[in-house]
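Okay, structure first, notes after.
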Amino acid sequence: MLTCKPSAFILANCSVDEESGESINPKVLFVLKRFLIFLALVSIVCGAFYLSSPEKKVERAEPVWPAVDYRQVDRVDVCLLDQDCFSLVRRTDGWDVVQHGWASAPEAEVKKVEFLLNALSQGKALRYIGQISEKSFSGYGLDKPRIRITTGGGQELTMLLGAESPSGEGVFALNSLEKKDLFLLDKVLVKQCEFPAEYYYNLFLVPGRSDKISSISLGRGGAFIWTLTRAENELSFSFPAPLSGKPASSGELDILLHSLLEAPAKALVPAGTCETGKAVLNIEVTFSDKKTAKVEIFELADDKDFYLVNSTEQKGNFIITKEHFKQLNKKAFQMRRRNVLSVETGKAYSMRVLQGNQTFIGTKSDKSWVNFEDKKPLLGIDMSLWRLNELKFEAEPEESLSDTAEKVMELELMDSEGGKVAYVAFFSDPELPAGQCWLSLEDGSGYYPVSNKLLEDLQGQIPLRK
Numbered sequence: 076m077l078t079c080k081p082s083a084f085i086l087a088n089c090s091v092d093e094e095s096g097e098s099i100n101p102k103v104l105f106v107l108k109r110f111l112i113f114l115a116l117v118s119i120v121c122g123a124f125y126l127s128s129p130e131k132k133v134e135r136a137e138p139v140w141p142a143v144d145y146r147q148v149d150r151v152d153v154c155l156l157d158q159d160c161f162s163l164v165r166r167t168d169g170w171d172v173v174q175h176g177w178a179s180a181p182e183a184e185v186k187k188v189e190f191l192l193n194a195l196s197q198g199k200a201l202r203y204i205g206q207i208s209e210k211s212f213s214g215y216g217l218d219k220p221r222i223r224i225t226t227g228g229g230q231e232l233t234m235l236l237g238a239e240s241p242s243g244e245g246v247f248a249l250n251s252l253e254k255k256d257l258f259l260l261d262k263v264l265v266k267q268c269e270f271p272a273e274y275y276y277n278l279f280l281v282p283g284r285s286d287k288i289s290s291i292s293l294g295r296g297g298a299f300i301w302t303l304t305r306a307e308n309e310l311s312f313s314f315p316a317p318l319s320g321k322p323a324s325s326g327e328l329d330i331l332l333h334s335l336l337e338a339p340a341k342a343l344v345p346a347g348t349c350e351t352g353k354a355v356l357n358i359e360v361t362f363s364d365k366k367t368a369k370v371e372i373f374e375l376a377d378d379k380d381f382y383l384v385n386s387t388e389q390k391g392n393f394i395i396t397k398e399h400f401k402q403l404n405k406k407a408f409q410m411r412r413r414n415v416l417s418v419e420t421g422k423a424y425s426m427r428v429l430q431g432n433q434t435f436i437g438t439k440s441d442k443s444w445v446n447f448e449d450k451k452p453l454l455g456i457d458m459s460l461w462r463l464n465e466l467k468f469e470a471e472p473e474e475s476l477s478d479t480a481e482k483v484m485e486l487e488l489m490d491s492e493g494g495k496v497a498y499v500a501f502f503s504d505p506e507l508p509a510g511q512c513w514l515s516l517e518d519g520s521g522y523y524p525v526s527n528k529l530l531e532d533l534q535g536q537i538p539l540r541k
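Once you know that position 381 of the sequence shown is 456 in the numbering used here, the rest is easy, because the numbers rise by one and skip nothing.
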């Protein structure tokens, strides 16, 4: 009797029932042998087919232009065709521009370095062209690349930017991750990478914010001639003593701080490059965090149109124009708030003008000025009254006038109830510089030399009898 395990096709698992003494049926054995031969033939045919089949190639995904992770980069080496290479090197609080010919690396303007890194991290190829051999590099301008950029630190990557494509669409490029894969990059991206070392210099004489300044001093020959100190969020004089507590002119202060903190120098050169003349100005700025920046300005021995600046905030020396120097060179008198009076023009409802032996009265009606006598409109009066507040004395006031001075106009402003709002008197004087006249108030503060332009405009606006 035949007994088998569940797999009936394995002969080794077949046996003869010794108790019955029966043997395997010859017909069954014959069928099993033929089946095994069939399986062997099928295996041979399948193996032969597999071995004779050509090897199937694995599809290669189209490469993409690599993006730079600017957070991992602490160095960028830039080589421009026919120019010296330079490096932008990260430090704890900024970047330096390392290059040949500089004993100490100047500081870079951080925003400009970030602009380059953003371009490298966000730039994408217009398209992938294909693989090329080194022998064909010259055909794409890659044997002498227009730009070679290498990043270092946590991400090391080299990019070669070569010739412009014949169509002018883009620029051929390679990178070190896909060494023989040719890409076409956007020309805008290439231009963002093509700036020379000088572009990255921090050209601001003093980096910082004007609202963080606690004091600023200016002097000549090492001695300060004035100092402004912040008190109650306003910079006012603390030196010299006669000006102590007086506020600074907001307009002049804005010009000075803009020229110091925000206006870039013309150039930056290595220390010792230029022959200097005498020192003409020194400025010291202290910030709220107690940090102090010092600036010293020198004449240039061989050029009267430019000045050399040494700043504690930058390696090397700045070169500035004569106009830039003038905006920094402020006398104490210029820095004073020199407005003569402050008039609440909105309260003025009538005016009396006395000129020679004539008196004119104007009134305000429905927000416009008219002649009291004939009710004819008066144009430009509001603007002229506003300009009273803008009058600035051009020199220190005098206690009295010389015999050559002559009163030419009195102007009195009244409110709606007839109360006095302001009073001023104008005097001509041939001894004054051209374009000036004297102005006095009723408070006995003296006679102020001011521009005579407002006086001339008022004389043209007031209709006096001929």
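Just so you know, even glycine gets a beta-carbon here, dropped at the ideal spot from N, CA and C. The model shown is predicted, which means the values in this text are computed figures rather than measured ones.
Separation of the CB atoms of residue 205 and residue 257 is rounded to 6 Å, and the pair is thereby assigned contact status at 8 Å.
Following the DSSP letters along the chain, one finds residue 305 inside the beta strand (DSSP E) bounded by residues 298–306. Separation of residue 441 and residue 465 (C-alpha to C-alpha, rounded to the nearest whole angstrom) is 25 Å. Here residue 461 is exposed, its C-beta having fewer than 16 other C-beta atoms within 10 Å.
Contact fails between the region 301–310 and the region 367–374, because fewer than three Cβ pairs, one in each stretch, are under 8 Å apart. The beta carbon of residue 147 sits closer than 6 Å to those of 228, 229 and 230, all from its chain and outside the five residues before and after it, given in chain order.
The beta-carbon separation of residue 237 and residue 217, rounded to 4 Å, stays under the 8 Å limit for a contact.
The DSSP assignment places complete beta strand (DSSP E) segments of no fewer than 3 residues inside the region 349–432 at 351–362, 367–375, 378–386, 392–396 and 425–430, in order along the chain. In this structure, the straight-line span from the alpha carbon of residue 244 to that of residue 203 is close to 13 Å.
In this structure, 172 is the residue among 505, 172 and 164 with its C-alpha nearest to the C-alpha of residue 345. According to the DSSP secondary-structure assignment, residue 512 is paired through a beta bridge with 525. Rounded to the nearest angstrom, the Cβ distance from residue 320 to residue 311 is 6 Å, consistent with a contact under 8 Å. Of the candidates 473, 458, 515 and 476, the residue whose Cα lies closest to the Cα of residue 532 is 458.
In the DSSP assignment, residue 326 falls within the alpha helix (DSSP H) that extends over 325–332. Counting other Cβ atoms within 10 Å of its Cβ, residue 386 reaches 16 or more and is therefore classed as buried. Apart from the 5 residues on each side of it in sequence, residue 324 sits with its Cβ closer than 7 Å to the Cβ of 410, 411, 412 and 413 in its chain, given in chain order. In this structure, the CA atom of residue 437 is about 5 Å from the CA atom of residue 446. The bridge partners DSSP lists for residue 462 come to none. For residue 523 against residue 476, the beta-carbon gap comes to about 11 Å, at or over 8 Å, which does not count as contact. The Cβ-Cβ distance between residue 161 and residue 267 does not fall below 8 Å. In the three-state reduction of the DSSP assignment, residue 112 falls in the helix class. Rounded to whole angstroms, the gap between the alpha carbons of residue 200 and residue 261 is 7 Å. The Cβ neighbour count for residue 527, taken over all protein chains shown within 10 Å, is at least 16; the residue is labelled buried. Using a 10 angstroms sphere on the CB of residue 348, the tally of other CB atoms stays under 16, which defines it as exposed. Within the region 157–208, the runs of beta strand (DSSP E) at least 3 residues long that lie entirely inside it are, in chain order, 161–166, 169–174 and 200–206.
DSSP places residue 495 inside the beta strand (DSSP E), whose first and last residues are 495–503. Contact between the region 357–366 and the region 276–291 is present: three or more C-beta pairs spanning the two stretches fall below 8 Å. With fewer than 16 other Cβ atoms inside 10 Å of its own Cβ, residue 116 counts as exposed.
One Cα belongs to residue 489, the other to residue 454, and the distance between them is close to 19 Å.
Linking residue 482 to residue 500 through their CA atoms gives a straight-line distance of about 7 Å. Exclusion of the five residues before and after residue 342 leaves 394 as the residues of its chain whose Cβ lies within less than 6 Å of its Cβ. Of 248, 497 and 485, the smallest CA-CA separation from residue 432 is found for 485. Each of 427, 450, 530 and 183 was checked against the Cα of residue 498, and the nearest Cα belongs to 427. In the three-state reduction of the DSSP assignment, residue 118 falls in the helix class. With a contact defined as Cβ atoms closer than 8 Å, residue 220 and residue 232 miss out at about 15 Å.
Distance from the CA atom of residue 181 to the CA atom of residue 140, rounded to whole angstroms, is 32 Å.
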